[in-house]
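Trainee: First the structure, then my questions, so here it is.
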Amino acid sequence: MVEIEYLDSPHSTEELLEILCPPVRNWFKDSFPDFTRPQKLAIPAILDRKNLLLCSPTGSGKTLTAFLTIIDKLVRLALDNKLEKKVHCVYISPIKALANDIQRNLIGPLKEISESYLPDRAQEIKVGLRTGDTSQSDRQKMLRNPPHILITTPESLAIAITSPRFQPIVSELEYMIVDELHSLVPTKRGVHLALTLSYLDTLLKVPVQRIGISATMEPLEKVAEYLVASDDQESRNSSSSVSIAKVSGSRELDLDILITHKKFSDLAVMKILDANIEAIADLISAHTTTLVFANTRKMTETIVQRLRPYLGDLVAGHHGSMDKKIRLNVEKKLKHGHLRAVVTSSSLEMGIDIGSVDLVLQVGSPGDIATALQRIGRAGHHVGGIPRARFLPTSVDDLIELAALQSAIQKGDMDRLDFPENCLDVVAQFMIGLVIINEMDIDEAFEVIVNAWSYRNFEYDDFIEVLDMLEDERRVWVDWEENTYGKRGYSRMIYYTNIGTIAPDNSYLVFNAEGSILGQLSGSFVSNLRSGDVILLGGSTYRVTNIQGTRVNVTAVTGYRPTVPSWSGEARSRSRELSNALLDLIGHCIISLRKEVDPRIILRDAYGLSNQVSNAIARHLEE
-2 MVEIEYLDSP
8 HSTEELLEIL
18 CPPVRNWFKD
28 SFPDFTRPQK
38 LAIPAILDRK
48 NLLLCSPTGS
58 GKTLTAFLTI
68 IDKLVRLALD
78 NKLEKKVHCV
88 YISPIKALAN
98 DIQRNLIGPL
108 KEISESYLPD
118 RAQEIKVGLR
128 TGDTSQSDRQ
138 KMLRNPPHIL
148 ITTPESLAIA
158 ITSPRFQPIV
168 SELEYMIVDE
178 LHSLVPTKRG
188 VHLALTLSYL
198 DTLLKVPVQR
208 IGISATMEPL
218 EKVAEYLVAS
228 DDQESRNSSS
238 SVSIAKVSGS
248 RELDLDILIT
258 HKKFSDLAVM
268 KILDANIEAI
278 ADLISAHTTT
288 LVFANTRKMT
298 ETIVQRLRPY
308 LGDLVAGHHG
318 SMDKKIRLNV
328 EKKLKHGHLR
338 AVVTSSSLEM
348 GIDIGSVDLV
358 LQVGSPGDIA
368 TALQRIGRAG
378 HHVGGIPRAR
388 FLPTSVDDLI
398 ELAALQSAIQ
408 KGDMDRLDFP
418 ENCLDVVAQF
428 MIGLVIINEM
438 DIDEAFEVIV
448 NAWSYRNFEY
458 DDFIEVLDML
468 EDERRVWVDW
478 EENTYGKRGY
488 SRMIYYTNIG
498 TIAPDNSYLV
508 FNAEGSILGQ
518 LSGSFVSNLR
528 SGDVILLGGS
538 TYRVTNIQGT
548 RVNVTAVTGY
558 RPTVPSWSGE
568 ARSRSRELSN
578 ALLDLIGHCI
588 ISLRKEVDPR
598 IILRDAYGLS
608 NQVSNAIARH
618 LEE
């Protein structure tokens, strides 16, 4: 049973400053004008060691809310020379770009506090990063000299806790922060993370304090239960509790839909793209910094290439198939004002600090309200900022969906998350991970699984069937008399190379003439490549010199028309809530037509659409 408490009494600025130790208090006073409402609600709860779910609008200081009390605790230990070589806090990010950004944004304040507010005798507070991009040598250094704050991803954490050398450094873990929960819990990644947290809980000497962060999600109670479920173990004979700090009330938004050609309804898709590119270039030129969101990596590459004649090197691309160093360089240049625009798919939609962005452009409907809000919130991403976003449709049908999306956002509608449960493929993988180090009692393994929220209703018979399947496939051995099982043969290698639920793309690494990695291409795309083909990656063109194994060697070229790569797993779906909003809009228009009332009136008056947008939609429906 999970006990849920809503926090509704914010503390005063004076009370919060009094809570903090002098170095952190003075740093905060010199860095910020005041605490935000989420901070006034949540910081005392974190200080009281309460599990917390924090849900508030983008740009309201959620990350600092989660970390401030933890930084204060570590600074106090550093002053007393009591910082040990162990991990005090684990921060989990759903994407590597956000993890990299959090590392930078933690190191900065900690350095400021150390240099300006702490005596020289104070110990250094260390921040470490462990993701799929972390080198083996850096991982070994981390084991020898553990960071006090570890930033990681769900998959990297799952691998780490199966290491006998890693387990001791997290055995006294105090804080667990899970960021962007709304992007995890409705997916199998969230199911896998729930199992990982349940297993981690068995390794700890005392229960860890859990803090969940997200800007937009419903239903909050279920998400809160997900966050703390594995802490409710019978062996501890106690129930879990969690506090919810919800700051309601949408931020003021500046939204509009732009039709970029007067004959929009009659144009083919590629002609609409031509018109959109010209409009995007004009909008970028009229603003200081613009973030352009496309819905696929392929479209991201296309837009970057098409914008280069207008903006040259002042525009860059950013997506997950570009190499880490290139992505980080793009983020750095954007933050320091060296770029006028960045085009991205989803890799920059979360809470990454990329400096001041004054305009967001969304090309095509993103398919759900939550994603749209995340992307819109990248503009004006600071306390008190007003996000400004413009939607550019890619077809008439897309225009209608964008009109419904804008209406849903303005009414405050929100996607309700669905929670996958009892996923047999995920639990099969996890059961192998449980015995990577040592064999395990079968009933104890089942107990770990059902303590994860996503498997709270998992049947023992189903568990045994999965175990039988793993035995038949020779992934594990089972001793039914001793009631134990363990790994078999190459299970360890199979587990480490296939961990997680992100579908493998059979990726090929792309190398330039100097031997540097440029990014990745999908196997299905590379299978059609030949030496001499010219491809587009990161907005630049390259000629394929040869393909060796899973390595594609290229040289930079200019003046050629390239083939734009495609990647698998980018099919877009539409959320239930946005579908309902779309049906409502179409339904209102159809009723108007049946009543011989001009639907343009409904679209203008009820939906607040411009004459141009209303005309385009009405004309399409009338036909």
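Numbered per the working numbering, the sequence shown spans residues -2 to 620.
Virtual Cβ for every residue (Gly too), placed ideally from N, Cα, C.
Bear in mind the structure is a predicted one, so any value in this text is a computation, not a measurement.
Specify the secondary structure class of Tyr557 as computed by DSSP and reduced to three states.
Mentor: What you label residue 557 is simply residue 560 of the sequence shown in a count that begins at 1. Reduced to three states, the DSSP call for Tyr557 is coil.
Trainee: Which of the three DSSP states, helix, strand or coil, is assigned to Phe455?
Mentor: Against the sequence shown, residue 455 aligns to sequence position 458. Residue state, collapsed to three classes: coil.
Trainee: Among Lys59, Val473, Ser195 and Gly125, which has the Cα closest to the Cα of His145?
Mentor: As a working mapping, residue 145 is identified with position 148 in the sequence shown. The candidate whose alpha carbon is nearest that of His145 is Gly125.
Trainee: Of the choices Tyr223, Met267 and Gly535, whose alpha-carbon is the least far from that of Gly0?
Mentor: Stepping through the sequence shown from its first residue, residue 0 is reached at position 3. Note on residue identity: the sequence assigns Glu, not Gly, to residue 0. The residue with the shortest Cα to Cα distance from Glu0 is Tyr223.
Trainee: Could you give the first and the last residue of the continuous alpha helix (DSSP H) run that contains Gln100?
Mentor: Within the sequence shown, the letter at position 103 stands for residue 100. From DSSP, the alpha helix (DSSP H) with Gln100 extends over Lys93 to Tyr114.
Trainee: My assumption, with CB atoms under 8 Å, is that Phe388 sits in contact with Gln359. Please give the rounded CB distance.
Mentor: Sequence index remark: in the sequence shown, residue 388 carries index 391 (1-based). Sequence index remark: in the sequence shown, residue 359 carries index 362 (1-based). Rounded, the Cβ-Cβ distance is 5 Å, consistent with contact.
Trainee: Measuring straight from C-alpha to C-alpha, what distance separates Asn608 and Val266?
Mentor: Locating residue 608 in the sequence shown gives position 611, where the first residue counts as 1. Locating residue 266 in the sequence shown gives position 269, where the first residue counts as 1. Computed Cα separation, rounded: 22 Å.
Trainee: Taking only the alpha-carbon atoms, compute the straight-line gap between Glu112 and Pro20 and give it to the nearest angstrom.
Mentor: Residue 112 sits at position 115 when you count from the first residue of the sequence shown. Residue 20 sits at position 23 when you count from the first residue of the sequence shown. Each residue's alpha carbon lies about 11 Å from the other.
Trainee: Figure out for me which residue from Leu140, Ala191 and Glu171 has the closest Cα to the Cα of Thr150.
Mentor: Position 153 of the sequence shown holds residue 150. The shortest Cα separation from Thr150 among Leu140, Ala191 and Glu171 belongs to Ala191.
Trainee: Just reading off the alpha helix (DSSP H) that Cys586 is part of, what are its end residues?
Mentor: Locating residue 586 in the sequence shown gives position 589, where the first residue counts as 1. Its alpha helix (DSSP H) spans residues Arg573 to Arg591.
Trainee: Asp365 and Ser572: beta carbons closer than 8 Å?
Mentor: As a position in the sequence shown, residue 365 is number 368, starting the count at 1. As a position in the sequence shown, residue 572 is number 575, starting the count at 1. Going by C-beta atoms, Asp365 is nearer than 8 Å to Ser572.
Trainee: Could you spell out the range, first to last residue, of the beta strand (DSSP E) harbouring Gln359?
Mentor: The count along the sequence shown starts at 1 and reaches residue 359 at position 362. Residues Leu356 to Val360.
Trainee: Taking Val87 as the reference, which of Glu275, Glu169 and Glu15 has the closest Cα?
Mentor: Start at 1 with the first residue of the sequence shown, and residue 87 comes out as number 90. Ranking Glu275, Glu169 and Glu15 by Cα distance to Val87 puts Glu169 first.
Trainee: Secondary structure at Asn448, three-state DSSP: helix, strand or coil?
Mentor: Residue mapping note: residue 448 aligns to position 451 of the sequence shown, counting from 1. Asn448 falls in the coil class under three-state DSSP.
Trainee: In its own chain, which residues sit with a C-beta less than 6 Å from the C-beta of Glu15, not counting the 5 before and 5 after it?
Mentor: As a working note, residue 15 is residue 18 in the sequence shown. If we look at Glu15 and ignore the five residues flanking it on each side, it has no Cβ neighbours.
Trainee: Please work out which residues of its chain come closer than 6 Å, Cβ to Cβ, to Ser232, disregarding the five sequence neighbours upstream and downstream, and give them in chain order.
Mentor: Start at 1 with the first residue of the sequence shown, and residue 232 comes out as number 235. Low local confidence applies: a pLDDT of 40 at Ser232 is under 50, so the model's placement there is unreliable, with the coordinate-based value given in what follows. Nothing meets the Cβ criterion.
Trainee: Would you mind working out which of Tyr307, Ser342, Arg375 and Lys268 sits nearest Glu298, comparing C-alpha positions?
Mentor: Within the sequence shown, numbered from 1, the residue matching residue 298 stands at position 301. Checked all of Tyr307, Ser342, Arg375 and Lys268; the closest Cα to Glu298 is Ser342.
Trainee: Does DSSP classify Asp5 as helix, strand or coil?
Mentor: As a working note, residue 5 is residue 8 in the sequence shown. Three-state DSSP puts Asp5 in coil, outside helix and strand.
Trainee: If you follow the beta strand (DSSP E) that Arg127 is in, where does it begin and where does it stop?
Mentor: Locating residue 127 in the sequence shown gives position 130, counting from the first residue. Arg127 -> beta strand (DSSP E) spans Val124 to Arg127.
Trainee: According to DSSP, simplified to helix, strand and coil, what is Arg527?
Mentor: In the sequence shown, the residue the question calls residue 527 occupies position 530. Residue state, collapsed to three classes: coil.
Trainee: Return the residue from the list Gly105, Val423, Thr62 and Gly535 that minimises the CA-CA distance to Leu304.
Mentor: As a working note, residue 304 is residue 307 in the sequence shown. Nearest C-alpha to Leu304: Gly535.
Trainee: Compute the Euclidean distance between the alpha carbons of Ile166 and Lys82, then round it to the nearest angstrom.
Mentor: By 1-based counting over the sequence shown, the position of residue 166 is 169. By 1-based counting over the sequence shown, the position of residue 82 is 85. Approximately 7 Å, taken between the alpha carbons.
Trainee: Rounded to the nearest angstrom, what separates Ser576 and Ile383 at their Cα positions?
Mentor: Within the sequence shown, numbered from 1, the residue matching residue 576 stands at position 579. Within the sequence shown, numbered from 1, the residue matching residue 383 stands at position 386. One C-alpha to the other measures close to 27 Å.
Trainee: Report the option in Met437, Met411, Glu470 and Arg601 whose CA atom is closest to the CA atom of Trp477.
Mentor: The residue you call residue 477 lines up with position 480 of the sequence shown. Per the Cα distances, Met437.
Trainee: Locate the alpha helix (DSSP H) running through Trp24, then write down its first and last residues.
Mentor: Start at 1 with the first residue of the sequence shown, and residue 24 comes out as number 27. Per DSSP, Trp24 belongs to the alpha helix (DSSP H) from Pro19 to Ser28.
Trainee: Using 8 Å as the threshold, is the C-beta distance between Leu331 and Ile351 below it?
Mentor: Here residue 331 corresponds to residue number 334 of the sequence shown, with the count starting at 1. Here residue 351 corresponds to residue number 354 of the sequence shown, with the count starting at 1. For Leu331 and Ile351, yes; Cβs fall inside 8 Å.
Trainee: Using the Cα positions of Met173 and Leu270, report the straight-line distance between them to the nearest angstrom.
Mentor: Translated into positions along the sequence shown, residue 173 becomes position 176. Translated into positions along the sequence shown, residue 270 becomes position 273. The straight-line gap from Cα to Cα measures roughly 45 Å.
Trainee: If you check the beta carbons only, do Gly314 and Val354 fall under 8 Å apart?
Mentor: Numbered from 1 along the sequence shown, position 317 holds the residue referred to as residue 314. Numbered from 1 along the sequence shown, position 357 holds the residue referred to as residue 354. It is not a contact, given that the beta carbons lie outside the stated cut-off.
Trainee: Looking only at its chain, what residues have a beta carbon closer than 7 Å to the beta carbon of Val432, apart from the 5 residues adjacent to it on each side?
Mentor: As a position in the sequence shown, residue 432 is number 435, starting the count at 1. The residues are Val473, Tyr482, Gly483 and Lys484.
Trainee: Glu468 by DSSP, collapsed to three states: which one?
Mentor: As a working note, residue 468 is residue 471 in the sequence shown. Helix, per DSSP.
Trainee: Where does Asn543 fall in DSSP's three states?
Mentor: Within the sequence shown, numbered from 1, the residue matching residue 543 stands at position 546. Strand, per DSSP.
Trainee: Return helix, strand or coil for Ile89, following the three-state DSSP convention.
Mentor: Taking the first residue of the sequence shown as position 1, residue 89 is located at position 92. Strand at Ile89.
Trainee: Distance check for Pro596 and Gly497, CA to CA, integer angstroms please.
Mentor: Within the sequence shown, the letter at position 500 stands for residue 497. Within the sequence shown, the letter at position 599 stands for residue 596. So the two alpha carbons sit approximately 49 Å from each other.
Trainee: So, under 8 Å CB-CB, Asp410 and Glu574 are touching, yes? Tell me the CB distance rounded to an integer number of Å.
Mentor: Here residue 410 corresponds to residue number 413 of the sequence shown, with the count starting at 1. Here residue 574 corresponds to residue number 577 of the sequence shown, with the count starting at 1. Right, their Cβ atoms sit about 6 Å apart.
Trainee: Please list the segments of the beta strand (DSSP E) lying wholly inside the segment 309 to 355, counting only runs of 3 or more residues, in order along the chain.
Mentor: 312 to 315 and 338 to 341, all fully within the segment 309 to 355.
Trainee: What's the C-alpha gap between Phe634 and Thr542?
Mentor: This structure does not reach residue 634, given that the chain is present from -2 up to 620, and the question cannot be answered.
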